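If you want our numbering, it's the 1-based position in the sequence shown plus 448. Beta carbons are placed, not taken as given, at the ideal position from N, Cα and C, and that holds for glycine. As the structure is a computational prediction, the values presented were derived from the model and not from experiment.
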Amino acid sequence: RRAVLVLEPENPGGEAVDITPKDFGVRTLAQEYGGGAFTVSGDIVFFANYKDQRLYKQSINSLDVPPIPLTPDYGGPVVSYADGVLDTRFNRFIAVREDRRESSQNPPATIVSIALGSKDVKEPEVLVGGSDFYAFPRLDPKSERIAWIQWSHPNMQWDKSELWVGYISENGRHGSLDKALALRSMLVLVCRRSCLFLPLRTLTKLAKSVGSGTELHQYPSLHRPTISGTRSRRQVCVVVFVELRWSSSLGD
Numbered sequence: 449r450r451a452v453l454v455l456e457p458e459n460p461g462g463e464a465v466d467i468t469p470k471d472f473g474v475r476t477l478a479q480e481y482g483g484g485a486f487t488v489s490g491d492i493v494f495f496a497n498y499k500d501q502r503l504y505k506q507s508i509n510s511l512d513v514p515p516i517p518l519t520p521d522y523g524g525p526v527v528s529y530a531d532g533v534l535d536t537r538f539n540r541f542i543a544v545r546e547d548r549r550e551s552s553q554n555p556p557a558t559i560v561s562i563a564l565g566s567k568d569v570k571e572p573e574v575l576v577g578g579s580d581f582y583a584f585p586r587l588d589p590k591s592e593r594i595a596w597i598q599w600s601h602p603n604m605q606w607d608k609s610e611l612w613v614g615y616i617s618e619n620g621r622h623g624s625l626d627k628a629l630a631l632r633s634m635l636v637l638v639c640r641r642s643c644l645f646l647p648l649r650t651l652t653k654l655a656k657s658v659g660s661g662t663e664l665h666q667y668p669s670l671h672r673p674t675i676s677g678t679r680s681r682r683q684v685c686v687v688v689f690v691e692l693r694w695s696s697s698l699g700d
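Take a look at the structure:
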């Protein structure tokens, strides 16, 4: 079996079309948990290919054109990518990377930047590292801040996960980092859907429908972390939708 992306017709009665070519399969092996294997932006699909675990870019409007590889060929599926997001400010793709080139036992995970404007495939640049696991790197609407979830052994993601926020400098690197909040409670589990940057007024509206106390385990849990800078603290918050993060095997 293989996983493919399908384009549903706009008109009733139309025929669905497979976007993914026959020689490709959309699936990532990153961190054993899997994670987001594809991202759609406009008419462009970014996806992890199961066979070689490389990232590819494909145009939905030009399905006769083969997908374009964005990451290096390491001679096998030894480097995987997941949970990607497009950064239009710096024309790059940001994703979680698991690197098994040296060992498949506890391979290092990082958040990397993948250049999109070059004709040649380049080695991804590491933006964040040092933790055992990463998930859901996300940008604010202006690509000025980046948020992500991380955790380390011996903890599982529902035991002790942390949400971090970093400021992105003018050259695309992250600047100062703020550990916005730590998720330690058994009621507060790790993200499944991802982190979102939302205006404070939106948070207020959402909070009214969430409830509190013992009801927290039934609804998304909303947090307003402290972010450095008076202006940012007033205008921006991070909303975390917390649910268990499971994956199921799609087979070979």
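Exercise for the section: Starting from the Cα of Ala464, find the closest Cα among Ser551, Gly473 and Val452 and give me that residue. Expected result: Of the candidates Ser551, Gly473 and Val452, the one whose C-alpha sits nearest the C-alpha of Ala464 is Val452.
Exercise for the section: Return the bridge partner residues of Tyr615 from the DSSP annotation. Expected result: Paired residue(s): Arg593.
Exercise for the section: Quick one: grab the DSSP three-state call for Phe472. Expected result: In this structure, Phe472 counts as coil in the three-state DSSP scheme.
Exercise for the section: Helix, strand or coil for Lys505, going by three-state DSSP, please let me know. Expected result: Reduced to three states, the DSSP call for Lys505 is strand.
Practice task
Return the residue from the list Gly490, Thr536 and Arg540 that minimises the CA-CA distance to Leu503.
Solution key: Per the Cα distances, Arg540.
Exercise for the section: List the DSSP bridge partners of Ala543. Expected result: Looking at the DSSP assignment, Ala543 forms a beta bridge with Val560.
Handout entry: Span separating the alpha-carbon of Asn542 from that of Ser566
Key = Note that residue 542 is Ile in the sequence shown here, rather than Asn. Between the alpha carbons of Ile542 and Ser566 lies a distance of about 15 Å.
Problem - Spatial neighbours of Ala530 in its chain, beta-carbon cut-off 6 Å, leaving aside the 5 residues before and after - result: So the list reads Thr476, Ala478, Gly483, Gly484 and Val544, once near-sequence residues are dropped.
Practice task
Starting from Ser489, follow its DSSP beta bridges and name the residues at the other end.
Solution key: Bridge partners of Ser489: Ile492.
Problem - Assigned exposure category for Asp500 - 16 Cβ within 10 Å defines buried - result: Result: buried.
Handout entry: Check whether Ile594 and Phe584 have beta carbons under 8 Å apart
Key = For Ile594 and Phe584, no; Cβs fall outside 8 Å.
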